[in-house]
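Asker: Please find one structure pasted underneath; my questions will follow.
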Amino acid sequence: MRIRHRLIGEKPRWIGISELILKNNYKKYAEIGVYDGQNIINLKKIIPGLEAYLIDPYKITKKMKGSLYKQDNMNKTLAQYKIKVHKALQHYDDIKYLYITSLKAASKFKDDFFDIVFIDADH
Ligand SMILES: C[S@@+](CC[C@H](N)C(=O)[O-])C[C@H]1O[C@@H](n2cnc3c(N)ncnc32)[C@H](O)[C@@H]1O
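Residue numbers (my numbering): 10 to 132.
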């Protein structure tokens, strides 16, 4: 995998990502790790026609090591966020949800299917 950009700076994630998408005329976007949807909800406001694939199991898996996943009731919180994100984006018909880990999702797409992939999850 080639990492082409690192999002470091003071801009919100969706600003940096939207700049990259608009500059390069990217069409197919994947987000690995969606959580409460803050990034994708804002990104779709900026680029409503973006075709987005949202990848997140919304369940704690053995490989998730960050402190976030050690919180009590995190599975319950994730289940609530899953519904919240779906509801917030329900007016868009170009969003696909994959409730699986990135590794499982990767096997479903041909190489170079996506123009841009935002990786924001445990690996
Ligand atoms: C930092 S949050 C994502 C925040 C979101 N990208 C944003 O900017 O609003 C991390 C999310 O990654 C998910 N996650 C962790 N490991 C994952 C994996 N291997 N594949 C997909 N999602 C994963 C968790 O369930 C959690 O919802």
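Positions of the beta carbon are idealized from the N, C-alpha and C atoms, including for glycine. Predicted, not measured: the structure shown is a model, and the values here were computed from it.
So, for N84: in the same chain, excluding its five sequence neighbours on each side, which residues have a beta-carbon less than 8 Å away from its beta-carbon?
Answerer: Correct list, in chain order: K68, I69.
Asker: Just to check, is the beta-carbon of D65 closer than 7 Å to a non-hydrogen atom of ligand 1?
Answerer: yes
Asker: Are the region 89-107 and the region 58-68 in contact at 8 Å, needing three or more beta carbon pairs?
Answerer: yes
Asker: So for M10, helix, strand or coil by DSSP?
Answerer: Note that M10 scores a pLDDT of 47, beneath 50, so its modelled location is shaky; the value from the coordinates is reported in the next line. If DSSP states are grouped into helix, strand and coil, M10 belongs with coil.
Asker: Can you determine whether any heavy atom of ligand 1 sits closer than 7 Å to the C-beta of E40, and answer yes or no?
Answerer: yes
Asker: Looking only at its own chain, which residues have a Cβ that is under 7 Å from the Cβ of M10, when we skip the five neighbours before and after it?
Answerer: Interpretation of M10 is limited by its pLDDT of 47, a score under 50 that renders its predicted location unreliable; the figure taken from the coordinates is listed afterwards. Same-chain partners within the cutoff: there are none.
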